[in-house]
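Going by my numbering, the sequence shown opens with residue 1, and the numbers climb by one from there.
Input: a single structure, listed below in structure tokens.
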Amino acid sequence: MGREEPERTAVVAGGGIGGLATAVALSRRGWRVRVLERAEVFGDAGSGLSLWPNGLRALDALGLGARVREQALAETVAGIRDVSGRWLSRTDTGEVARRYGPVVVVHRADLMAILRQALPGGVVRTGTAAVAVGADASGVRVEHSHGTLRADLLVGADGIRSTVRRAMWPGAPEPRYAGYTAWRTVVPASAPAGGGETFGRGERVGIAPLPGGHTYLFGVASVPPGQRAPDGELAELRRRFGHWHDPIPALLAAATEEAVLRHDIYELPALPAYATGRVALLGDAAHAMTPNLGQGANQALEDAVTLAALLDTHASVPAALAAYDRERRPRTRMIARRSRRIGVVAQCAWEPGRRLRDRLLRLVPDGVVLASFASVLDWQPPGAAEAGRRPRR
Numbered sequence: 001m002g003r004e005e006p007e008r009t010a011v012v013a014g015g016g017i018g019g020l021a022t023a024v025a026l027s028r029r030g031w032r033v034r035v036l037e038r039a040e041v042f043g044d045a046g047s048g049l050s051l052w053p054n055g056l057r058a059l060d061a062l063g064l065g066a067r068v069r070e071q072a073l074a075e076t077v078a079g080i081r082d083v084s085g086r087w088l089s090r091t092d093t094g095e096v097a098r099r100y101g102p103v104v105v106v107h108r109a110d111l112m113a114i115l116r117q118a119l120p121g122g123v124v125r126t127g128t129a130a131v132a133v134g135a136d137a138s139g140v141r142v143e144h145s146h147g148t149l150r151a152d153l154l155v156g157a158d159g160i161r162s163t164v165r166r167a168m169w170p171g172a173p174e175p176r177y178a179g180y181t182a183w184r185t186v187v188p189a190s191a192p193a194g195g196g197e198t199f200g201r202g203e204r205v206g207i208a209p210l211p212g213g214h215t216y217l218f219g220v221a222s223v224p225p226g227q228r229a230p231d232g233e234l235a236e237l238r239r240r241f242g243h244w245h246d247p248i249p250a251l252l253a254a255a256t257e258e259a260v261l262r263h264d265i266y267e268l269p270a271l272p273a274y275a276t277g278r279v280a281l282l283g284d285a286a287h288a289m290t291p292n293l294g295q296g297a298n299q300a301l302e303d304a305v306t307l308a309a310l311l312d313t314h315a316s317v318p319a320a321l322a323a324y325d326r327e328r329r330p331r332t333r334m335i336a337r338r339s340r341r342i343g344v345v346a347q348c349a350w351e352p353g354r355r356l357r358d359r360l361l362r363l364v365p366d367g368v369v370l371a372s373f374a375s376v377l378d379w380q381p382p383g384a385a386e387a388g389r390r391p392r393r
């Protein structure tokens, strides 16, 4: 009889979408995984989330794509309008689906629940924050709020203010304010005209229908960071956007103050590496990007699937993480740059620039817009045929 291979162990810091997806991918490959989540309980994560074809393929690779689609709603109307409601640019969602695959919208809480339910019991430890980490040739050490763990692998999926990144990359740049803040809410009312975005001067609104007759609505405004509305964020949303085209006023009228989230938008400057030794960064901890392309969660899902596949095909954890860095860093940097440029255009507050932007949007052919999606949406998960040797400890 051959000698039984030792069990592989991993600690994932962060129980968001990327961290949970990583835990699912590793658990299904026989790893013993512990996810450390700072929050005591998982909240309702009150916002919608667009899952693009690349993100859905990653979920398919995890065996969860069908379940997510059951909880999602396909986008059928997309494009950009001006504040009067006139279309500046229409996106043929049917052609997007034909070329690349469908785009769906899901409540973030539903996706999180599906990922958690796919994990064995006891994997996720809530109310547990990683406070210090270290690594050597034999493994990693994670000190957390209730003790210490040792493992073969540490994945930092702990967000834009990542403890793992600050510990292992002490010279890495700090997050920077993108120049605008965002309000997000889920409204218990439907949007009869479908979804899309509306561009104004230094402001915009996005609408996406959700299952169950709900609508995800977000607003963005170029304002200094750290501000809060004295009479509540819903009142601020209504002041800014309540006079825009239908159905925005009706949706805001149906919204509730407690469901409105406000976050200043920060992004992470490019890091020199996403991995070192037995430690890898993933999702916002590695490449927090502006939400203008709707790719943040999709890229975290890609990260998780890619990392797990490369751990299958390389002879050691450090070799797999080096390959992960080579594969993921150029792609996520490209997408982050594109998202940043879109934000500059979308948030234009200079009136002559705004008029020029709107004119150009009306002139760009639909085929050019569709072709521009290719480099983002064409991604495919690493092939199952490539999975071979299991990594050694």
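A virtual CB, placed ideally from N, CA and C, is assigned to each residue, including glycine.
- Uninterrupted beta strand (DSSP E) stretches at least 3 residues long and entirely within the segment 178-246 occur at 196-199, 203-210 and 214-221, given in chain order.
- As far as DSSP is concerned, H314 takes part in no beta bridge.
- Using a C-beta cut-off of 8 Å, the segment 273-281 makes contact with the segment 322-334, since at least three inter-stretch Cβ pairs fall below that distance.
- Comparing C-alpha distances from P269 to each of V260, A285, A255 and A259 shows the shortest one belongs to A285.
- Taking C-beta atoms as the reference points, V140 and A157 fail to come closer than 8 Å.
- In this structure, L154 sits away from V24, with a CB-CB distance that is not shorter than 8 Å.
- When secondary structure is reduced to three states using DSSP, D264 falls in the strand class.
- If you ignore the 5 residues before and after R184, its C-beta comes within less than 6 Å of the C-beta of S47, F218 and L261, all in its own chain and listed in chain order.
- The beta carbons of I342 and L311 sit no closer together than 8 Å.
- Note that the C-beta distance between A167 and A132 is below 8 Å.
- In the DSSP assignment, H287 falls outside any beta strand (DSSP E) and within the unbroken alpha helix (DSSP H) covering D284 to H287.
- Just so you know, the alpha carbons of R32 and L119 end up roughly 11 Å apart.
- Given a length threshold of 3 residues, each whole run of the beta strand (DSSP E) inside the segment 16-74 is given here in chain order: 32-36 and 48-51.
- Counting every other CB atom within 10 Å of its CB across the protein chains shown gives V142 a total of 16 or more, marking it as buried.
- Selection V220, G226, P224 and Q227 evaluated against R238 yields V220 as nearest (Cα-Cα).
- Around the C-beta of S339, 16 or more other C-beta atoms lie within 10 Å, and the residue is accordingly described as buried.
- Leaving aside the five residues that flank L361 on each side, the residues in its chain whose CB is nearer than 7 Å to its CB run, in chain order, I80, L88 and S89.
- Around the CB of M334, fewer than 16 other CB atoms lie within 10 Å, so the residue is classed as exposed.
- V96 is the residue among V96, T22 and G14 whose C-alpha sits nearest the C-alpha of L51.
- If you check the CB distance, G296 and M289 come in under 8 Å.
- Listed in chain order, the beta strand (DSSP E) runs fully inside the segment 125-175 are 130-136, 139-144, 147-151 and 153-156, counting runs of at least 3 residues.
- Distance from the Cα of G196 is smallest, within the candidate group I207, A21, G202 and W350, for I207.
- Between the C-alpha atoms of G55 and P209 there is a straight-line separation of about 19 Å.
- As the crow flies, the alpha-carbon of A113 is around 13 Å from that of G121.
- Membership of V369 in any beta strand (DSSP E) is not indicated; the residue belongs instead to the alpha helix (DSSP H) covering D366 to S372.
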